[in-house]
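Trainee: The sequence shown begins at 3 in our numbering and counts up by one.
Beta carbons: idealized from backbone N, C-alpha and C, even for Gly.
Quick one: the structure is below, and I'll ask about it shortly.
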Amino acid sequence: MLWKTIVILYERWDFFSQLLIEHLRICALAILFASLLGLFLGIIITEYQKLYRIVTSISNVVYTIPSISMLGFLLPFTGIGDTTAIIALSLYGLLPIVGNTATGIRNIDPKIIEAAKGMGSSRWNILVHIKLPLALPVIMTGLRTMVVMTIALAGIASFIGAGGLGVAIYRGITTNNMAVTLGGSLLIALMAILMDLILHLLQSRIPWKEQ
């Protein structure tokens, strides 16, 4: 079966490469939106402690909703296609970013913050020059988790008319062509592993500031 999968990937590479590009585009947009919104919310809930439980509780609830149910819930509002998939993937990606951003900032030694305040640093300067740099290793860990999860979850986007490698998986299932299904699944797995490796190498090369 593995050999048949390799052969069909070679023979129908035009088909698979187009789906691969669509998969990357959907994931890239979802990762971008989840990263920006998650980082913003993570910062907000550490600056305003009353919002911490509210935001984390909502994120946890969203995370427990099955992906198919989430897509079905969004369909009446955003219709079939890539938009619904991107919104759903962005919502699922929030929890790792929000949680790790908040955890990274909250675990900073309070003495460092007090010293910065004592030197006259503004709230903005403390956030940009102290809190975020010190929390970055934890944030990067959350980003890696979110990226791998998003790439994997995007495989079900085909069920609501979106593109991506899920189309190959769905088509293989409906036509009882296991090689096509495995081909799409293999490319998703390889993409997730490759992206995690790239982010790991990036994380290891950044000269992190020590607390």
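How many whole angstroms separate the CB atoms of I47 and L53, which I take to be in contact at a CB cut-off of 8 Å?
Mentor: About 5 Å separates the two Cβ atoms, so the contact holds.
Trainee: I need the DSSP call for Y50, collapsed to helix, strand or coil.
Mentor: Y50 falls in the coil class under three-state DSSP.
Trainee: Less than 8 Å between the C-beta atoms of L22 and L189, yes or no?
Mentor: Their beta carbons are under 8 Å apart, which means L22 touches L189 by this criterion.
Trainee: If Q51 and M142 are in contact, beta carbons under 8 Å, what's the gap, nearest whole angstrom?
Mentor: No, Q51 and M142 are not in contact; Cβ-Cβ is about 24 Å, not under 8 Å.
Trainee: Here's the rule I'm using: 16 or more other beta-carbon atoms within 10 Å means buried, otherwise exposed. How should L155 be labelled?
Mentor: Buried is the call here.
Trainee: Rounded to whole angstroms, what's the CA-CA distance from F79 to L38? Just pull it up for me.
Mentor: Spanning the two alpha carbons is a distance of roughly 23 Å.
Trainee: Is the region 73-89 in contact with the region 24-37, if contact means three or more CB pairs nearer than 8 Å?
Mentor: Contact holds: three or more Cβ-Cβ distances are below 8 Å.
Trainee: Can you round the beta-carbon distance between A118 and I128 to whole angstroms, since I take them to be within the 8 Å contact cut?
Mentor: With a Cβ gap of about 5 Å, A118 and I128 count as contacting.
Trainee: Give me the Cα-Cα distance between V100 and F42, rounded to the nearest whole angstrom.
Mentor: Looking at the two C-alpha atoms, the distance is approximately 8 Å.
Trainee: Between G163 and the rest of its own chain, which residues show a CB-CB distance below 7 Å, the 5 nearest in sequence each way excluded?
Mentor: So the list reads I82 and G83, once near-sequence residues are dropped.
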